[in-house]
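Asks: Order-wise, the sequence lines are chains Z and D. According to my numbering, the first sequence is numbered sequentially starting from 596. According to my numbering, the second sequence is numbered sequentially starting from 596. Note that the Cβ used here is the ideal one computed from N, Cα and C, for glycine as well. One structure follows; several queries about it will come next.
Protein chains: 2
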Amino acid sequence: MLSFQDCKKVIFEAVSICDTEIISVRQSMGRVLAEDLTVSRDYPDTNLSAVDGYAVRFGSDFCFKNRGVVAAGQLPDFKLESGECAAVMTGATVPEGTDCVVRVEDCIETDGIVKTQTDLRSGVLINKSAFEASAGKALARKGLRIKHSLYPSLFYAGISQVKVYKQPKVGVLMTGNELREVESGAAKGQVFNTNFYIIESVLNAIGLDCLYRESVPDDEAATRKALETMADKCDFIISSGGVSMGRFDFIKKVFNQTDFSLIIQGTPIKPGRPLMVAKRENKLFFGIPGYPAAFFVNTLLYLVPALKIACGRIDHEHQLFNAILTTPTRSREGRLYLNRIKLQLEKGQWTAQDVESQKTSHFLNFAEVNGLAYLPETVGNLDTGAIIQALHFDIELS
Amino acid sequence: MLSFQDCKKVIFEAVSICDTEIISVRQSMGRVLAEDLTVSRDYPDTNLSAVDGYAVRFGSDFCFKNRGVVAAGQLPDFKLESGECAAVMTGATVPEGTDCVVRVEDCIETDGIVKTQTDLRSGVLINKSAFEASAGKALARKGLRIKHSLYPSLFYAGISQVKVYKQPKVGVLMTGNELREVESGAAKGQVFNTNFYIIESVLNAIGLDCLYRESVPDDEAATRKALETMADKCDFIISSGGVSMGRFDFIKKVFNQTDFSLIIQGTPIKPGRPLMVAKRENKLFFGIPGYPAAFFVNTLLYLVPALKIACGRIDHEHQLFNAILTTPTRSREGRLYLNRIKLQLEKGQWTAQDVESQKTSHFLNFAEVNGLAYLPETVGNLDTGAIIQALHFDIELS
């Protein structure tokens, strides 16, 4: 079995990056830049007043004749001569001839004459043309997801269209007779379909949709047919369950009959060992073990970065940061353990609290955790106070 | 002027929490729980096999007569007598009488007789009824946003409908003649509308929409009319610009003529001092200064937590964590500085890199930052190596 790092390498190298397309900036939220962006003109492109006040041209004293008002967005239609001024609003272009700007609260205007006692120095309170940036300056890098403050920055920079990566087509195949949907209510010995909603949640967080979804009963022919159909339509085919040692684990059997090549058969992580990943041309198949905890962890560890790569993102690596354990946590050497934790801040320091159960067959406590402890193969049990590496869902799933 | 902490207190106490409604769990992604949730039945509700293998009832030796197959989701229609077994799949209900489960790889089956050499101990590899949780166990707390792993947990717990908070109605009023839309191209001395897209981006990240949007020119009557109309429709009215000392800053004037009560007039932060917040019944008006950097910072510091509170969230406090400066950064005592930073990880430690400019009139560098340094009133300039408190956009905007 490959090591965790090698599994990542093999999977990530098998991902094909999507094509690009040009879209309106208004449709670009959550998409990924497929070009380096630069600033197309000087910022600002005129000399602007930094405040509400008076643009003045120095004269012989501290009295200035007011030539008029310039609002933000206006271009003044007059020049200032010696001893003249103009009322200017924040962000207004100052008239030609302006030496500096004086704040409105430092001036008194009477009958068109503005007096100030402020010290007058050349250039003060003027945001000079190109002060923020000259045309051609780098704005944003290819491979960044357009969100938070990058999205409005594109508008600020006057960009109306952006080249972005297309999004991978994702299909999900649910297997298993035991799966119920919540509207049907509980039935003894059966479990509710959870894994489809893990995929839905995760895709939504990273800006993708599930385009195709099929459920198949535990039947070999039906599984084969569904898999082939989905492989025609999708770039990523994700299945849940059917990869273990059971008689009804058809995914594995069916796979050996298709022309997909298996690139991963099992991965040394807990929960989630029996992962299968296969490839055909630029399509990737993820056969993820069916216990929801195992499914979630494999999704976060392998599938999410793979999807980010397909989207063209350069920030697909896990963001592991140090956190101090406030409870003991258990792991065994030889496998990478991903233990559920509650990450919290205490005086600026991240702390991690182990939750009651880390069992693969349990999932309810995923309702209350916001991260995973990443406990490499060489780490055993850990006590309160130990420093662990943590994954925070808000950071990984964004 | 109130301190930053007092501004937060005054604003947050003025927020009205939205009513609640019951929706399908399928529409609940990104919404906020308005009830504590508990587990409605035992998990699991039968005794399940933990693996693919054989459920056995101890007999006189290590040979067992195979009574049949139980798939996951099936209820067995037979009991095991002494010396009998049944093939069981992972998650299948084991027959009555089962003592333990043996892994399929530890057994050999020939002509309906299963032999094993494994040590047989009572209870092994059975997930007993209520092993994960008993009915009534706490699942998730009121006030949590339904995202990431909480969303699929609701399905796992068989919840088909959830009580959530309604969402506040948000309206945005853009003021200023100088604002252009990106499709019109640049014009000398004018700037592109950026602040509406800051609001759009931020609302989207926390799961809200902008329901109403209006742009008004620098005209007192038009501003008054737009404000009154929006106040009828919305819970939060946000305006951009018009709150400074300028002659065209009508927002301020108009406000003094309405029956909104001003609760904040200015806040000691940089960028973004001239914030105005006013209240009428359960409606809040945010008059946010127009420089995009000031607008973004006020939005993140005050508006986002206020919106989270309105949504019923209990996790609205800023998540400030320690980061080490890899560059110097500048601030002056007496105001809370929010400096743009690039947060990165180095061997598990968060580092913060100051960007070239922290000027209020600059915004282009928001394209490349992912957080803000939070530099309280008592902090002056800081050198490389100093520890700062940092806000990460991925965490705050989620």
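Do S856/D and I846/D have their CB atoms nearer than 8 Å?
Replies: No, the Cβ-Cβ distance between S856/D and I846/D is not below 8 Å.
Asks: In three-state terms, what does DSSP make of A821/D?
Replies: Here A821/D sits in helix by DSSP.
Asks: Which residue's Cα is closest to the Cα of D830/Z: L902/Z, G784/Z and N788/Z?
Replies: Among L902/Z, G784/Z and N788/Z, the Cα nearest to that of D830/Z is on L902/Z.
Asks: To the nearest angstrom, report how far apart D672/D and E795/D are at their CA atoms.
Replies: Taking the straight line from one Cα to the other gives about 58 Å.
Asks: What are the boundary residues of the alpha helix (DSSP H) that includes F988/Z?
Replies: It spans F988 to E991 - the alpha helix (DSSP H) in which F988/Z sits, taken as one unbroken run.
Asks: Excluding the 5 residues flanking G882/Z on each side, which residues of the same chain have their C-beta closer than 6 Å to its C-beta?
Replies: So the list reads S834, V838, I846 and M871, once near-sequence residues are dropped.
Asks: Can you tell me whether R716/D is buried or exposed, with buried defined as 16 or more other CB within 10 angstroms of its CB?
Replies: Classification for R716/D: exposed.
Asks: How is the beta strand (DSSP E) around A681/Z delimited, first residue to last?
Replies: It spans E679 to V683 - the beta strand (DSSP E) in which A681/Z sits, taken as one unbroken run.
Asks: Per DSSP, what kind of secondary structure is R927/Z in: helix, strand or coil?
Replies: DSSP places R927/Z in coil when its eight states are reduced to three.
Asks: G738/D and L898/D look like a contact to me (Cβ under 8 Å); what is the Cβ gap, rounded to whole Å?
Replies: Incorrect: roughly 19 Å between the Cβ atoms, too far for contact.
Asks: Report yes if the C-beta distance between G771/D and G907/Z is below 8 Å; otherwise report no.
Replies: For G771/D and G907/Z, no; Cβs fall outside 8 Å.
Asks: Run through the DSSP bridge pairs and tell me what L967/D is partnered with.
Replies: The partner list for L967/D (beta bridge, DSSP) reads R935/D and L986/D.
Asks: Using Cβ-Cβ distances below 8 Å, what residues of the region 951-965 of chain Z are close to chain D?
Replies: Answer in chain order: S952, K954, S956, H957, F958, L959, F961, A962, E963, V964 and N965.
Asks: Name, please, each residue of chain D whose Cβ falls closer than 7 Å to the Cβ of F850/Z.
Replies: Chain D residues near F850/Z: none, gap ~17 Å exceeds 7 Å.
Asks: For A666/D, I'd like the list of residues in its chain whose CB is within less than 7 Å of its CB, leaving aside the five on either flank, ordered along the chain.
Replies: If we look at A666/D and ignore the five residues flanking it on each side, its Cβ neighbours are M684 and A687.
Asks: Which residue marks the beginning of the beta strand (DSSP E) containing A781/D, and which one marks its end?
Replies: That residue, A781/D, is in no beta strand (DSSP E); it is neither H nor E in DSSP.
Asks: What are the residues of the region 877-908 of chain Z that lie near chain D, defined by any Cβ-Cβ distance shorter than 7 Å?
Replies: Within the region 877-908 of chain Z, the residues whose Cβ lies closer than 7 Å to some Cβ of chain D are P887 and F891, listed in chain order.
Asks: Assign M596/D to one of two classes, buried (16 or more other C-beta atoms within 10 Å of its C-beta) or exposed (fewer than that).
Replies: With fewer than 16 other Cβ atoms within 10 Å, it is exposed.
Asks: Going by alpha carbons, who is nearest to R736/D out of F659/D, D949/D, I617/D and L632/D?
Replies: Among F659/D, D949/D, I617/D and L632/D, the Cα nearest to that of R736/D belongs to L632/D.
Asks: Please identify the residue among D640/D, D989/D, D854/D and C602/D whose C-alpha is closest to the C-alpha of A730/D.
Replies: Comparing Cα-Cα distances from A730/D to each of D640/D, D989/D, D854/D and C602/D, the minimum goes to D640/D.
Asks: I'd like the list of long-range same chain contacts for V620/Z, defined as Cβ closer than 6 Å, with 5 residues on each side in sequence excluded.
Replies: Cβ neighbours of V620/Z beyond the five flanking positions: L749, I754, S755 and V757.
Asks: At a Cβ cut of 7 Å, what residues of the region 701-727 of chain D count as close to chain Z, listed as they run along the chain?
Replies: So the close ones are N722 and E727.
Asks: Quick check on the burial criterion: 16 or more other C-beta atoms within 10 angstroms. Buried or exposed for T711/D?
Replies: Looking at its Cβ environment, which holds 16 or more other Cβ atoms inside 10 Å, T711/D is buried.
Asks: Three-state secondary structure (DSSP) at Q944/Z?
Replies: In the structure shown, Q944/Z sits in a strand (DSSP, three-state: E or B).
Asks: Expressed to the nearest angstrom, what Euclidean distance is found between the alpha-carbon atoms of H913/Z and I618/D?
Replies: Approximately 34 Å between the Cα atoms of the pair.
Asks: Which same chain residues, not among the five before or five after T973/Z, have their C-beta less than 8 Å away from its C-beta?
Replies: Within the same chain, T973/Z has close Cβ partners E928.
Asks: Who are the Cβ neighbours of G867/Z in its own chain at under 7 Å, not counting the five residues just before and after it?
Replies: The residues are P884, A889, V892 and N893.
Asks: So, is T818/D buried or exposed, given that buried needs 16 or more other C-beta atoms within 10 angstroms?
Replies: Burial call: buried.
Asks: Would you say N799/Z reaches chain D, if we count a Cβ-Cβ gap shorter than 8 Å as a contact?
Replies: Judged by the 8 Å Cβ criterion, N799/Z is in contact with chain D.
Asks: Along chain D, in chain order, which residues have C-beta atoms closer than 9 Å to that of K742/Z?
Replies: Those within 9 Å of K742/Z in chain D are S796, N799, A800, F988, D989 and L992.
Asks: Taking the alpha carbon of G975/D as the reference point, which residue from F961/D, L933/D and S956/D has its own alpha carbon closest?
Replies: Checked all of F961/D, L933/D and S956/D; the closest Cα to G975/D is L933/D.
Asks: Using DSSP bridges, identify the partner residues of G766/Z.
Replies: DSSP lists Y807/Z and I832/Z as partners of G766/Z.
Asks: Quick one: list the residues of chain D neighbouring M624/Z, beta-carbon separation under 7 Å, in chain order.
Replies: Chain D residues near M624/Z: S796 and N799.
Asks: Going by other Cβ atoms of all chains shown within 10 Å of its Cβ, with 16 needed for buried, is A733/Z buried or exposed?
Replies: Looking at its Cβ environment, which holds fewer than 16 other Cβ atoms inside 10 Å, A733/Z is exposed.
Asks: Chain D partners of E809/Z, CB-CB under 9 Å?
Replies: Ordered by position in chain D, no residue passes the 9 Å Cβ test against E809/Z, which lies about 18 Å from the chain.
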